[in-house]
Structure formats: C-alpha cells, structure tokens
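**Q**
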Amino acid sequence: MLTFRRLKAQRFCQHRSLDIELSPGVVGIVGHNGSGKSNLIKALFRALTGKSLNPGKKEEDVFWGAESGSLELDFTINGTSATIARDLKTERCSLVIGTETLSRVSDPHDRDSML
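To convert, note that position 56 of the sequence shown is 72 in my numbering; the numbers rise steadily by one, no gaps.
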C-alpha cells in the first residue's frame, strides 16, 4: 500500500514554495479557481513518474521566469519509508527506500525492482 506523507515543491507551476503534509486516507483539496489545486496532482504525478501532465514541454512545469525547480515526495510503501526527489531542469532523481538509495532513477520500472 502506498501512502503519501509530505510534498515539497520549489518553483513548480505557480507555486514558488510549497510544503504540505498529507494525512492518510482520503484528502480533499479546496480552493478558488487558479489557486493551484490541479498542480498538486501534477506535482505528485511528476515526482513519481518524472513525466509532465502538461500537454507542452516539461519545462512548462517550472515557475515562470525561474531557471529550475524541484519536487520532493515523502511516502510509505508497504510500511517502509521512502523519499523521491527530482530536479525539474536536469531531471536528476534520487530515491531512498528504507536504507537503500538509488540515484539518477529515470524509469519507474527501476523502482519496481526495489519494492
């Protein structure tokens, strides 16, 4: 079972800096139009897969005028703590599951072998 715990985003879409703790179970996201609700889902997806949900280029996920951005997602999988961090410009990624660290993970299937 996968449970998200915390999402941090720097210069992602319209979020200059975001640090949000996520509770287990169903989470509701409420806000005005254009406040960034959908971009939270995009950030989770990009952190996990490295792929953008924007129809354009991945660079469009970077805050307007910024050189780069980053995402960090803390989660548990089958009771084991894990953190995935991505740089939006270089697409570098690191994954820590329990005590094991993988660097430069680019394919989601690489992570499957760790689980």
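Yeah, the Cβ is synthetic: ideal placement off N, Cα and C, and Gly gets one too.
Starting from the C-beta of residue 19, find all residues in its chain whose C-beta is less than 7 Å away, skip the five residues before and the five after it, and write them out in chain order.
**A** If we look at residue 19 and ignore the five residues flanking it on each side, its Cβ neighbours are 40, 91, 92.
**Q** Does the beta-carbon of residue 94 have 16 or more other beta-carbons within 10 angstroms, so that it is buried, or is it exposed?
**A** Answer is exposed; the Cβ neighbour count stays below 16.
**Q** Compute the Euclidean distance between the alpha carbons of residue 31 and residue 50, then round it to the nearest angstrom.
**A** Looking at the two C-alpha atoms, the distance is approximately 11 Å.
**Q** Report the rounded CA-to-CA distance for residue 103 versus residue 24, giving the unit in angstroms.
**A** Spanning the two alpha carbons is a distance of roughly 12 Å.
**Q** If contacts are defined as beta-carbon pairs under 8 Å, then residue 60 and residue 89 qualify, I think. What distance do you get, rounded to the angstrom?
**A** That pair is a contact at about 7 Å.
**Q** Which residues does DSSP pair with residue 88 in a beta bridge?
**A** DSSP, once it has assigned bridges, lists 24, 101 as partnering residue 88.
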